[in-house]
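The next block holds one structure in the form of structure tokens; read it before the comments.
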Amino acid sequence: MQYSTHGSYRIEQQNNILLIDIDEQSTFNDVVSEQYHKDIKIMTQKMRNNPWASLITLKGIGVFTPDAEENLIETTHYRVENGMIAIAVVIIDSTYADTLQLQLQRIYQSSSVQFNFFSDTKHAKYWLDSFIN
């Protein structure tokens with residue numbers, strides 16, 4: 076298992092699924108999103124030789140700043156260009172879940188990647204497995 080942590084997120088590879096946990100420890104602002112982008116690029120390079128997917132769990136976070144959203148668009152494009160074929164997102168305990176979901180829809184639609192939202196990781200992982208296995 077490989078992982079990277081910085082501030083409010085954790086990135087870990089489990090076979091052909093990249094697990095990303097983002098929690099409420101701090102705001103996912105442009106500074107954090109820039110470091111996240113760097114960490115994602117490192118993990119993406121390790122996974123790019125085969126189709127892979129991302130399982131993102133968002134715990135209690137608010138909305139993304141405009142700069143953070145732009146960074147996430149760039150990060151998502153990069154991942155798609157390097158073999159990512161699907162994203163499953165689990166939003167937990169967020170007061171702004173609807174707004175957050177709208178932001179993520181904009182981000183993922185701009186990259187033409189398959190994505191879906193779930194209330195638990197079990198169903199999210201099952202959905203991802205249908206794409207990569």
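For the sequence shown, the residue numbers in our numbering are 76 to 208. Each residue gets a CB set at the ideal place from its N, CA and C atoms; glycine is no exception.
For W127, which residues of its own chain have a beta-carbon under 8 Å away from its beta-carbon, when the five flanking residues on both sides are left out? N91, I92, L93, G158, M159, I160 and I207
Please look up how many angstroms separate the CB atoms of V164 and F190, rounded, as I've assumed it's under 8 Å. 7 Å
Output yes or no for whether 8 Å exceeds the beta carbon distance between I97 and L147. no
Excluding five sequence neighbours on each side, which residues of the same chain lie with their C-beta closer than 6 Å to the C-beta of Q77? The pLDDT assigned to Q77 is 44, lower than 50, so where the model puts this residue is not dependable; a value taken from the coordinates is nonetheless given after this. Closer than 6 Å at Cβ, skipping near neighbours: Q88.
Three-state secondary structure (DSSP) at F139? The answer is coil: DSSP assigns F139 none of H, G, I, E or B.
Three-state secondary structure assigned by DSSP to V107: helix
Under the three-state reduction of DSSP, which class applies to M76: helix, strand or coil? Confidence at M76 is low in this model, with a pLDDT of 38, below 50, so its placement is unreliable and the value that follows should be read with caution. It is coil, neither helix nor strand.
According to DSSP, simplified to helix, strand and coil, what is T119? helix
When DSSP labels each residue in this structure, what does V188 get in the three-state scheme? coil
With D204 as the anchor, note down where its alpha helix (DSSP H) starts and where it stops. T196 to I207
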